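Asker: Residue numbers (the numbering used here): 22 to 499.
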Amino acid sequence: MSKPVITRFAPSPTGFLHIGGARTALFNWVFARKMGGKMLLRIEDTDRERSTEAAVAAILDGMSWLGLDWDSAPISQFARADRHAEIALQLLESGNAYKCYCTPQELTEMRERARAEGRPPRYDGRWRDRDASEAPEGVKPVVRIKAPQSGDIVVKDRVQGDVVFKAENLDDFIILRSDGTPTYMHAVVVDDHDMGVTHIIRGDDHLTNAARQIVIYRAMGWDVPEMAHIPLIHGPDGAKLSKRHGAMGVEAYRQMGYLPEALRNYLARLGWAHGDDEIFSTDQMVEWFSLEALNKGASRFDFVKLDNLNGHYIRSADPVRLYDVMVETASETGRNSDYAGLVSNKDTVLAAIPELQPRAKTVLELIDLAQFIYAERPLPIEEKAAQLLNQESVAHLAALTSAFSALDGWSVESLDGTVRAYAETVGLKLGKVAQPLRAALTGRTISPGIFEVMVLIGREESLARLSDVVGVGAGAHS
RNA sequence: GCGCCCUUCGUCUAGCGGUCAGGACGCCGCCCUCUCACGGCGGUAACACGGGUUCGAUUCCCGUAGGGCGCGCCA
C-alpha cells in the first residue's frame, strides 16, 4: 500500500506567475488529482530582498484564474527558518556537516584561481577536517554539508530516467549562511520532507540540484521523494523565453483575451501528449495523465497554435459567460468606450455573440467585432470600406433604403429577399450590393452576415446609418 | 572550462525493431458563400550526422554536431 500522493508547487515571489511556472503548477495539480492526492503550495520567500507580497498575490491570482486550486494554506519558507537551522545543527552534531570560516573574498579567489587553471569552480573543502580551534577571530562561519567524495549519486527520475552524477563533481555546498539563514538547497529538502511531499515535479533546470539535495536526504536518513523533472519552455526562436515571447505573467494572457481552459489545454500539450488527442477537457487531462508520458525535450511556445485552441474554446463557450469576460477584459485593459458600449447595449451584444464566436480567436477580437453595435453615428468608415462607397453603389443604397423603408417585416428573410430581388432587377450579383451595404452599416469590410447585422441593430438604426451615407452621396450629386 | 539533459514536418507531437513514419497548428488549393470567419475536402513538409548491434533500425549502443540547463553565503 503506497502513501497518498502529495505534490507541491513552490514558486519564489519575485514576480508574476510566468508561463513556465504555470505549466509546472498545472502538472503538479493534474498529477495530484489523478492520484487522488493533494497539491500543496509553498512560497519560497527566503530571499528577502526580492520577495514581495504583491508577487505572492499575483501568483495566487494567476493560479486561481487558471483554475488550479491547492490544499491547505500556502506555506512560507521564510517562516520556517528556525526549523531549517535546527536540521543544520543536527547535521553538524552527527558529523555530516561542518563549519567553514572562509570569507567571501577567499571564495572568490578560490573560484578565480580554479577557472584560471581550468578546473571546475568548486569549494576545495579546506575546512572539512580542520579543528574548530583554528577558527579565525571575528569570522562568522557558514555550515557546509559533507558531500560524499567518491561513488555515484543517482537521481531516479520518472521523466529523465536514472541520471548519474559522480560524487567528485559535487562540492561541500553551504546549507546555512553565516547569518544563520538556510540556503535554498537546504530549505527545499527540509520543507519537502516536513510537508510529506511524495512527488517533486519541477523544471529540469533543477535536475543537477536534485543530486545535491539527495546528499542532504541521505545525511538525514530521509526517504528521497519520487522526482519528475519536466523540460523547459523556450521562445519561438528556441532561446530562453523572454518577455517578447511569452514570459509574461498569466494575467497578461488574460488581458490578451485568452480563456483559462484554452491555456490549460495548450500548456498540457507542451511536453505531454496522450496519443493524437489535441483538444481535451481538464477532466480528460486528469484521467489520461501520467508522468511517463511527459517528454524530455524542451518545446517552443507558439502563439499561433494557442490562438487556434483559444478560437475553439471561444466557439464552444457560453455566450453569457463570454459577455461577462468581454466586459471584464474591456475594463481591465482600459478600453473605456468599448466598456461603455458593451454595458449599455447588453441585450444586443448578447444576441450578437453567437455571430461573433466563429470569427474571433481572442476575447479582444470578440470586442472588436462587437463594435459595430455601439458605434456612434455617423459611423467612422474604414478606408477599405470607403472605397466601396462610390457614386454608383451609393445610388443602389439609396434605392435599397426606400425598399427597406417600405418593408413590413424586419427579419433576415425579408431583408435577404429584398436585397436579392433588387440585385436581380439591376442585374448585379448579390455581393455587389451587399458589400456596400456592409460598408455603410458597419463602416468595415468584414462583419457577420449583413442581414443579421441589420436585425441586430434594428430597423431604426439601420435606416439612420444608411441615410448618413446616402444623404451625403445624394447631396453631392443631386 | 566541467557536469547533466535534449534532438521526428517551420511549430506542438504520435511512434516504444518490421508503419506508404500518423495527428494537430501554420501554409497552399478547392468547395460552401453577401465580406470575414466557421465547416468540409485535398495538398506541402520530418526521423541532425557518422559508426556499430541486428535478418531488419526513427526505435537499442557509441561518437560527432547543434541546442538547453547547472556550476553563488539567488531561488
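Even glycine gets a Cβ: it sits at the ideal position worked out from N, Cα and C.
Every value quoted in this text rests on a predicted model; they were computed, and no experiment measured them.
So, with DSSP's three-state summary, where would you put residue 175?
Answerer: strand
Asker: Here's the rule I'm using: 16 or more other beta-carbon atoms within 10 Å means buried, otherwise exposed. How should residue 63 be labelled?
Answerer: buried
Asker: Strictly by DSSP, which residues pair up with residue 249?
Answerer: Beta-bridge pairing links residue 249 to 222.
Asker: Taking all protein chains shown into account, do 16 or more other C-beta atoms lie within 10 angstroms of the C-beta of residue 383, making it buried, or fewer, making it exposed?
Answerer: Buried.
Asker: What is the DSSP secondary structure of residue 35, reduced to helix, strand or coil?
Answerer: Judged by DSSP in its simplified three-state form, residue 35 adopts coil rather than helix or strand.
Asker: So, with DSSP's three-state summary, where would you put residue 367?
Answerer: helix
Asker: Return helix, strand or coil for residue 277, following the three-state DSSP convention.
Answerer: coil
Asker: Sorted by chain position, which residues of the same chain lie with C-beta nearer than 6 Å to residue 286's C-beta, five sequence neighbours on each side aside?
Answerer: 330
Asker: What's the call for residue 57, buried or exposed, on a 16-neighbour Cβ count within 10 Å?
Answerer: exposed
Asker: Which partner residues of residue 120 appear in the DSSP bridge assignment?
Answerer: 164
Asker: How big is the Cα-Cα spacing for residue 370 and residue 344?
Answerer: 8 Å
Asker: Which one or two residues does DSSP pair with residue 187 in a beta bridge?
Answerer: 173
Asker: Buried or exposed: where does residue 261 fall if 16 or more other Cβ atoms within 10 Å of its Cβ makes it buried?
Answerer: exposed
Asker: Can you check which of these residues, 170, 157, 216, is closest to residue 94 by C-alpha distance?
Answerer: 216
Asker: Using C-beta distances below 7 Å, list every residue in its chain close to residue 473, excluding the 5 sequence neighbours before and after it, in chain order.
Answerer: 376, 433
Asker: Cutting at 7 Å between CB atoms, please list the residues of its own chain near residue 198, excluding the five before and the five after it.
Answerer: Counting only residues of its own chain and dropping the five nearest sequence neighbours on each side, residue 198 has a CB closer than 7 Å to the CB of 163, 204.
Asker: Return the residue from the list 142, 362, 40 that minimises the CA-CA distance to residue 83.
Answerer: 40
Asker: Tell me where the alpha helix (DSSP H) around residue 326 begins and ends.
Answerer: Taken as a continuous stretch (DSSP letters only), the alpha helix (DSSP H) holding residue 326 covers 324–336.
Asker: Give me the Cβ distance between residue 188 and residue 171, rounded to the nearest whole Å; I'm assuming they're in contact under 8 Å.
Answerer: Contact flag correct, Cβ pair sits at about 5 Å.
Asker: For residue 457, does the three-state DSSP call read helix, strand or coil?
Answerer: Three-state result, residue 457: helix.
Asker: How would you label residue 59, buried or exposed, when you count the other beta carbons within 10 angstroms and need 16 or more for buried?
Answerer: Looking at its Cβ environment, which holds 16 or more other Cβ atoms inside 10 Å, residue 59 is buried.
Asker: Alpha carbon to alpha carbon, how far is residue 103 from residue 161? Give it in angstroms, no decimals.
Answerer: 18 Å
Asker: Could you compute how far the alpha carbon of residue 250 sits from the alpha carbon of residue 291?
Answerer: 14 Å
Asker: Would a C-beta distance cut-off of 8 Å place residue 451 and residue 441 closer than the cut-off?
Answerer: yes
Asker: Using only CA atoms, which one of 157, 213, 234 lies nearest to residue 169?
Answerer: 234
Asker: Name the two residues that bound the continuous alpha helix (DSSP H) containing residue 315.
Answerer: Per DSSP, residue 315 lies in no alpha helix (DSSP H) segment and is marked neither H nor E.
Asker: Can you list, in chain order, the residues of its chain whose CB lies under 8 Å from that of residue 401, leaving out five sequence neighbours each side?
Answerer: 464
Asker: Count the C-beta pairs between the region 108–124 and the region 236–247 that are closer than 8 Å, then say yes if the count reaches three, no if not.
Answerer: yes
Asker: Measure the Cβ-Cβ separation of residue 248 and residue 178 and say whether it is below 8 Å.
Answerer: yes
Asker: Look up residue 483 in the DSSP assignment and say whether it is helix, strand or coil.
Answerer: helix
Asker: Buried or exposed for residue 498, please, with buried defined as at least 16 other CB atoms from any protein chain shown within 10 angstroms of its CB.
Answerer: Confidence at residue 498 is low in this model, with a pLDDT of 38, below 50, so its placement is unreliable and no value can be given for it.
Asker: Could you pull out every residue in the same chain whose Cβ sits closer than 8 Å to the Cβ of residue 378, ignoring the five residues on either side in sequence?
Answerer: 335, 336, 338, 340, 343, 387
Asker: Which residues in the same chain as residue 71 place their Cβ atom closer than 6 Å to its Cβ, once the five residues preceding and following it in sequence are excluded?
Answerer: 35
Asker: Using the DSSP secondary-structure output, state which residues sit across from residue 320 in a beta bridge.
Answerer: According to DSSP, which records beta bridges pairwise, residue 320 is partnered with 254.
Asker: Are at least three pairs of beta-carbons, each pair with one atom in the region 392–400 and one in the region 453–464, less than 8 Å apart?
Answerer: yes
Asker: Provide the residue span of the beta strand (DSSP E) that contains residue 343, from first to last.
Answerer: Note, residue 343: premise wrong, no beta strand (DSSP E); alpha helix (DSSP H) at 340–353.
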